[in-house]
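Read the structure below first, then the notes.
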Amino acid sequence: MSQHPRFHPLVPDSLIPGDWFPGRTPRNIVVGENCVIDSSFCFKHFFSTEPVGLRLGRDITLWRTSLAAEMHGVIEIGDGSYIANASLVCSVGITIGARVMIAGGVTIADADFHPLEPAARLADTIALSPRGDRTHRPGMQTAPVVIGDDVWIGWNATVLKGVHIGADVVIEPGSVVTRDVPVGTRVAGNPARPVAE
Amino acid sequence: MMPPRTHLDGDWFGRGIPGNVRLGSDVYLDSSYGFDGVSESMHGGVSIGDASGAYDRAAFVVGPRGQVAVGRYTVLNGCYLVCEDRITIGDHCLLAWGAVITDVWTGASSSDTRRAVLRDAARSDDRSLGAGDDARPVTIGDNVWIGFDSVVMPGTVIGRGAVVSSRSVVSGDIPAYSVVVGNPGRVIRTLDPDDTDVAQRQAFSEHLRPARG
């Protein structure tokens, strides 16, 4: 056993021993048995004020993963899932099933981040500015993302808002997933399309 | 016995570099943060040649039997190397931010494999994923440029002087001096192989800092 373990048990509302980042884990998270994390840096952009903003099953590994949740965002992750060096950007809901592997450089987002329309987008730049009121941003498109059990998401893939990914799916590295993916399929490309086995 | 961990001067990340990371002379490392994913095993490790550098978010995820060898004068600028077997990177290479070089699919082949890999990881202290499927070595020749956010897949062999454009996904054999773009990557042109020994000697004579007196 190393003197400085890479992983620590994830405990709500606590300091992580030897953490390089000066933060605490949030209070509004529910964590099953045997879940580990490397640093509270994963929660740097976790602003959920929901009663439970992050719900984890058991045996989950989180490494260098940005759990970025806005005020009403709720992230759920199922038993045994393993997420390394990825970003979950959540405005409403990101639900990840059991035994899902998410590789480095992956982004999963349930919102467009900003409005599409020029006037609303301009207003957003003001609301987001150092002089602005971040609590009253213009509305943007949001739609929950749901990922089934036993899914594999390869390096640098992107999963966009509203996408439902069925169980036993493989998202090949570098894919941009914009539409639902049926159970048991393998997709690749931008936009991602089914590939022959 | 494993050599002790090395600590860099002024490193903001306190854990230091594992003893199985071997550095040539004049190697630059931003921080030991990028080496936290290197398994402390005598059977594997990382070597970085003279005058190469690992900058910004460059990170190594190396399993207990993974061996990463990086040549001389190579720039690892925020790239991500995932190795369970062997990744070899030549001299004078440029690897940009977000580029992933991996010799494993770890779990991509079937949900049965994923279940087994994840079950074992959840029981291990270091949560190591292991190779899961067959790892296939990756070789990147000298003077290769890998653009940002690209993915170099297991088993890829890239010839000298080739360029992989940003956001490409490449696999298989990439001929020397070719320019590859897209997902999946396709060769769109071939460069003039003008990086001769003469050109290299001239580059060294013109571009090294003068020795201090």
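Protein sequences appear in the order of chains A and B. Be aware that the first sequence starts at 6, since it is given in the numbering used here, and climbs by one per residue. Be aware that the second sequence starts at 7, since it is given in the numbering used here, and climbs by one per residue. Built from N, CA and C at the ideal position, the CB exists for glycine as well.
If we define contact as Cβ-Cβ less than 7 Å, is residue i a contact residue for chain E?
i	result
Gly-113 (chain B)	Within the model displayed, chain E is absent; protein chains A and B are what it includes.
Would you say the beta carbon of residue i is closer than 6 Å to some non-hydrogen atom of the ligand MN?
i	result
Ser-37 (chain B)	Although the ligand MN was asked about, the structure shown includes no ligands whatsoever.
Use the C-beta contact count for residue i: other C-beta atoms within 10 angstroms, 16 or more gives buried, fewer gives exposed.
i	result
Glu-212 (chain B)	exposed
Phe-48 (chain A)	buried
Asp-36 (chain B)	buried
Ser-130 (chain B)	exposed
Thr-202 (chain B)	exposed
Ile-194 (chain B)	exposed
Met-6 (chain A)	Residue placement at Met-6 (chain A) is poorly supported in this model, since its pLDDT is 40, which falls under 50; the coordinates still yield a value, given next. That one is exposed.
Arg-4 (chain B)	Beyond the ends of chain B as shown, which are 7 and 219, falls residue 4 (chain B); an answer cannot be given.
His-98 (chain B)	buried
Ser-134 (chain A)	exposed
Phe-210 (chain B)	exposed
Trp-160 (chain A)	buried
Leu-197 (chain A)	In the sequence as presented, Leu is not what sits at residue 197 (chain A); that position holds Ala. Per the 10 Å Cβ criterion, buried.
Val-188 (chain A)	exposed
Please state whether DSSP places residue i in a helix, a strand or coil.
i	result
Ile-131 (chain A)	helix
Arg-121 (chain B)	helix
His-49 (chain B)	coil
Phe-12 (chain A)	coil
Gly-59 (chain B)	strand
Gly-2 (chain B)	Since the first residue of chain B shown is 7 and the last is 219, residue 2 (chain B) is not available in this structure.
Phe-41 (chain B)	helix
Ser-134 (chain B)	coil
Thr-196 (chain B)	strand
Glu-212 (chain B)	helix
Asp-179 (chain B)	strand
Met-6 (chain A)	Residue placement at Met-6 (chain A) is flagged as unreliable, the pLDDT there being 40, under the threshold of 50; the coordinate-derived value follows with that caveat. Correct three-state label for Met-6 (chain A): coil.
Thr-190 (chain A)	coil
Cys-40 (chain A)	coil
Val-33 (chain B)	coil
Pro-123 (chain A)	helix
Ser-184 (chain B)	strand
Phe-118 (chain A)	coil
Val-204 (chain B)	helix
Ignore the nearest five residues each way along the sequence and tell me which others in residue i's own chain have a CB closer than 7 Å to its CB.
i	result
Ala-125 (chain A)	Pro-143
Ser-19 (chain A)	Arg-29 and Thr-30
Arg-21 (chain B)	Ser-38 and Asp-42
Phe-66 (chain B)	Gly-40, Phe-41, Gly-43, Val-44, Val-52, Val-74 and Leu-87
Looking only at its chain, what residues have a beta carbon closer than 8 Å to the beta carbon of residue i, apart from the 5 residues adjacent to it on each side?
i	result
Thr-12 (chain A)	Inspection of the sequence shows that residue 12 (chain A) is occupied by Phe rather than by Thr. Answer for Phe-12 (chain A): Val-41, Ile-42, Asp-43, Thr-66 and Trp-68, listed in chain order.
Val-57 (chain A)	Asn-33, Ile-34, Val-35 and Val-79
Pro-190 (chain B)	Val-175, Val-176 and Ser-177
Asp-138 (chain A)	Ala-132
Thr-196 (chain B)	Pro-181, Tyr-183, Ser-184 and Val-185
Arg-78 (chain B)	Gly-30, Gly-55, Asp-56, Ala-57, Ser-58, Asp-97 and His-98
Quick one: what's got a C-beta closer than 6 Å to residue i's C-beta in the same chain, skipping five residues either side?
i	result
Val-200 (chain A)	Arg-191 and Ala-193
Val-187 (chain B)	Ser-171, Ser-174 and Ile-194
Ala-103 (chain A)	Gly-83, Asp-84, Gly-85 and Asp-154
Trp-151 (chain B)	Leu-100 and Val-169
Gly-72 (chain B)	Gly-50, Cys-89 and Glu-90
Pro-149 (chain A)	Val-97, Gly-98 and Asp-115
Asn-39 (chain A)	Arg-63 and Asp-64
In the DSSP assignment, what are the bridge partners of residue i?
i	result
Val-220 (chain B)	The structure shown does not extend to residue 220 (chain B), since chain B is modelled only from 7 through 219, so no value can be given for it.
Gly-73 (chain A)	Correcting the residue type first, residue 73 (chain A) is Ala in the shown sequence and not Gly. Answer is A:Val-94.
Tyr-86 (chain B)	B:Ala-65 and B:Val-106
Tyr-79 (chain B)	None; Tyr-79 (chain B) has no bridge partner.
Pro-199 (chain A)	A:Val-192
Ala-89 (chain A)	A:Trp-68
Members of the stretch 15-29 of chain B that neighbour chain A once the beta carbon cut-off is set at 8 Å: Trp-18, Phe-19, Gly-20 and Arg-21
Short-range partners of chain B found in the stretch 38-67 of chain A, where Cβ spacing is below 7 Å: Asn-39, Val-41, Asp-64 and Thr-66
Near-chain A residues of the stretch 91-117 of chain B (beta-carbon distance less than 9 Å), N- to C-terminal order: Gly-104, Ala-105, Val-106, Thr-108, Trp-111, Thr-112, Gly-113, Ala-114, Ser-115, Ser-116 and Ser-117
Interface positions of the stretch 141-171 of chain B facing chain A (Cβ-Cβ less than 9 Å), listed along the chain: Asp-155, Ser-156, Val-157 and Met-159
Where the stretch 52-86 of chain B meets chain A: residues whose CB sits under 8 Å from a CB there: Ala-65, Val-67 and Tyr-86
Contact list for the stretch 175-194 of chain B against chain A, Cβ threshold 8 Å: Val-175, Asn-189 and Pro-190
Selection of the stretch 172-183 of chain A by Cβ proximity to chain B, strictly under 7 Å: Asp-173, Val-175, Pro-178 and Gly-179
Residues, ordered as in the chain, of the stretch 83-95 of chain A that lie near chain B by beta-carbon distance below 8 Å: Gly-85, Ser-86, Tyr-87, Ala-89 and Asn-90
The stretch 10-29 of chain A: positions lying closer than 9 Å to chain B by Cβ: Pro-10, Arg-11, Phe-12, Gly-23 and Trp-25
Cβ-based contacts, 8 Å cut-off: residues of the stretch 121-140 of chain B near chain A: Arg-121, Val-123, Leu-124, Arg-125, Ala-127, Ala-128, Asp-131, Asp-132, Arg-133 and Leu-135
Residues of the stretch 98-111 of chain A whose Cβ lies closer than 7 Å to any Cβ of chain B, in chain order: Arg-104, Met-106, Gly-109 and Gly-110
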